[in-house]
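Numbers in the numbering used here are just positions in the sequence shown, counted from 1, shifted up by 733.
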Amino acid sequence: MTIRQLFKTSVIGLSTHKSRSLLTILGIVIGITAIILVMSLGEGAQSLILGQIQSIGSKVIAIVPGREPNGPSGFISTFTDSLKKRDIDSLMNKTNVPHADHVMPIVFGSEAASYNGEIYQPTILGGTSYYSQIYDIYPAVGRSFSDEEVNAYSDVIVIGSKVKDELFGNEPALERKIRIKDKSFRVIGVLAKAGQVSFLNFDEAVFIPYTTAQQYIFGIKHFNRIVVAADDEKNVEATAEDIKRTLRNNHDITNPDKDDFFVQTQAEAVQTVGTILSVLTLFLASVAAISLLVGGIGIMNIMLVSVTERTQEIGLRKALGATNKDISSQFLLEAVLLTSVGGLIGITLGGSLSFIVAFGISHIYGLGWKFILPLSSIVLGLGVASAIGLVFGIYPARQAARKNPIDALRYE
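This is the structure we're talking about:
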């Protein structure tokens, strides 16, 4: 029997029981759809998060208090008070860190802000005027605060676009005063609409001098982060080492394993986050693939039923000269066709759902979430579907080929 004849016979065999064939591939469709959806959304999330990290700039180095986390529970250790004013002074000293171009302490939290009865709870970021350069975000109206205002503990504030809309509506916000924790802040700037930048929605945030934030809002003496910008990309690694050495001297640490801080360059952050997201995506895809095993067992079950129902057909074909190989090949091809069609439907459905989800996230939450359908997911989907048809179709095909033609013709 030629390949063309084999294919035609298999298609006729499947089309004879359309409803059963469609129900048979349902498990494959669900499994492949889940894999495509997980891998597509995983790629989209990775692209978004890595883009957010890279948007800060390759010369920026972050100093985080506490030990570097090794897992999700390790992030609790970053909420410590190990970074103090003495560390800022030491890092600003060119003798200690010669290639440091800027040093910015950061404190952050959330408190309710109010104006004329309107209340909104923004993210509060305390820093220096350098925040505009790091995050590439500038006031659309008004100005940012100066270093002099930072040193003077000034009660000035720059607000995000959504904060302005929530508190002031269509009224102008400049020179108006909003209250945060019983202290009045004069609005000197309104940020241009920026959306999500580096894990933070700047439209929902406000900026104030870090000195004011420490003294009047959070009541702390330490910093949640310190950001250091190197003078050149080629000096980033050397600057990171200088930072570690300086802070260890300040904290009387001789063993690096006892560090109460960790330093992370943007390249390291990209690599770490990329690895974590890739592993997580593969793990979720593997979990989704379990449904394919169930679908494969269903394929085998239905094919065995089909072999029993078509016993007379098998006997007739053998009587007309069909060999065991012809019979076996036909039933095996039917199984592969079923799973391949299921794979194609699953890829189409998974890709469509991924596009809808990506579009929804991008427009509803204002995130730069891109729709990405990796070629590897398509190849994996088709490959896995075909392999399942082949593996789970072998046993039914052998059962069909082994039937005695005389007994098969007598079967009722």
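Virtual Cβ for every residue (Gly too), placed ideally from N, Cα, C.
In the displayed model, Glu801 falls within coil according to three-state DSSP, outside both helix and strand.
If you keep only unbroken beta strand (DSSP E) runs of at least 3 residues inside the stretch 963–1002, you get 994–998.
The criterion of a C-beta distance shorter than 8 Å is satisfied by Ile941 and Ile890. Just so you know, the alpha carbons of Val771 and Asn1034 end up roughly 28 Å apart. For Thr856, the enclosing beta strand (DSSP E) covers residues 856–860. Within the same chain, Cβ atoms closer than 6 Å to the Cβ of Leu1106 are found at Ser773, Gly1084, the five residues on either side in sequence being excluded.
In the pairwise beta carbon analysis, the stretch 956–973 is classified as not touching the stretch 887–901: fewer than three pairs are separated by under 8 Å. Ser843 sits exposed, since fewer than 16 C-beta atoms from the chains shown fall within 10 Å of its C-beta. A distance below 8 Å separates the beta carbons of Glu908 and Val920. The DSSP-derived three-state label of Lys910 is strand. A distance below 8 Å separates the beta carbons of Pro855 and Glu937. Under the DSSP assignment, His835 falls in the beta strand (DSSP E) whose first and last residues are 833–843. Inclusion of Ile763 and Ala1118 in the CB contact set at 8 Å is not warranted, their separation being larger than that value.
Glu899 and Ile959 have their alpha carbons spaced roughly 30 Å apart. Annotation for Ile976: Ile794, Ile796, Leu824, Val830, Val961, Val996 place their beta carbon closer than 7 Å to its own, counting only its chain and skipping 5 residues before and after.
In the three-state reduction of the DSSP assignment, Glu904 falls in the coil class, being assigned neither a helical nor a strand state. Ranking Lys926, Phe918, Gly859 by CA distance to the CA of Val874 puts Lys926 first. If you draw a straight line from the Cα of Thr944 to the Cα of Asn903, it is about 31 Å long.
Under the three-state reduction of DSSP, Arg919 is assigned to strand.
Ranking Asp990, Gly1029, Ala1130 by CA distance to the CA of Asn1057 puts Ala1130 first.
Leu1010 sits away from Gly850, with the two beta carbons spaced by 8 Å or more.
Its chain contains Thr757, Gly760 as the residues whose beta carbon lies nearer than 7 Å to that of Gly1031, once the 5 sequence neighbours on both sides are disregarded; these appear in chain order.
Within the same chain, and ignoring the five residues on either side of Leu1115 in sequence, the residues whose Cβ sits closer than 8 Å to its Cβ are Ser1073, Gly1076, Leu1077, Ile1080.
Take Ser780, set aside five residues on each side of it, and the residues of its chain with a beta-carbon closer than 7 Å to its own are Lys1103, Ile1105, in chain order.
Burial is judged here by how many other beta carbons sit within 10 angstroms of a residue's own beta carbon; Glu881 has fewer than 16 and is exposed. Per DSSP, Pro1107 lies in no beta strand (DSSP E) and is assigned neither H nor E. Put simply, the backbone Cα of Ile852 is about 6 Å away from that of Ala846.
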